[in-house]
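Novice: Numbering (the numbering used here), first residue to last: 261 to 469.
Note that beta-carbon positions come from the ideal geometry of N, C-alpha and C, so glycine has one too.
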């Protein structure tokens, strides 16, 4: 009987001791959690710097000297027009293969809009000075290096002249080397004009310096 009474007295003490030990352990864990510094945020690697593309050379055309026979509301431009001062000429003329004018140079972009216009009387065209069945116009001058793609150049044409205008292409007059079309803007006689070529690295966005 005495043994039973002792057991009954000891059970509450044992339970209380276990509860006290768990409380102490819980307090230690909580204290450790509070005193521990927060984990450092993950380190995000800095993006790699984009390589700056060297400034190359672009392709240019210039006005064909008038022979007095061409209708005044038309215009002709080609590789051999004036002025002919070029930074990297090909056979003393424009360079469709590598670009002929430093893209640091500020020149108008030659733009074209195909309208289906018939060739006017008095216009003599050929394989290398073809009629473009449309209009030609020149933008405000721009540094060639700004023309980072054909889309950028064409957007400039559209912004100045409206929908349907795009940057003129070397082969736009059939065999290349020259273009003729209706005059869609004024043209300066003392400058060359940026054009692009679709099958050679002769543009400001794809030529080698």
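Helix, strand or coil for residue 442? Go by DSSP, reduced to three states.
Specialist: DSSP places residue 442 in strand when its eight states are reduced to three.
Novice: Are the segment 334 to 346 and the segment 450 to 460 in contact at 8 Å, needing three or more beta carbon pairs?
Specialist: Yes, since at least three Cβ pairs between the segment 334 to 346 and the segment 450 to 460 fall closer than 8 Å, the two stretches touch.
Novice: With distances taken from CA atoms, which of 324, 340, 358, 416 is nearest residue 352?
Specialist: For the residues 324, 340, 358, 416, the minimum Cα distance to residue 352 belongs to 340.
Novice: Going straight from the alpha carbon of residue 372 to that of residue 395, what length do you get?
Specialist: Each residue's alpha carbon lies about 6 Å from the other.
Novice: Report the partner residues of residue 370 according to the DSSP bridge assignment.
Specialist: Answer by DSSP bridge pairing, in chain order: 398.
Novice: Quick check on this structure: which residue in 367, 392, 359, 387 has the alpha carbon closest to the alpha carbon of residue 374?
Specialist: Closest option to residue 374, Cα to Cα, is 392.
Novice: Excluding the 5 residues flanking residue 414 on each side, which residues of the same chain have their C-beta closer than 6 Å to its C-beta?
Specialist: So the list reads 426, 427, once near-sequence residues are dropped.
Novice: In the DSSP output, which residue or residues are listed as bridge partners for residue 455?
Specialist: Beta-bridge pairing links residue 455 to 319.
Novice: CA-CA distance, residue 369 and residue 378?
Specialist: Roughly 24 Å between the two C-alpha positions.
Novice: So the candidates are 317, 469, 322; which of them puts its Cα closest to the Cα of residue 397?
Specialist: Here the closest residue by C-alpha is 322.
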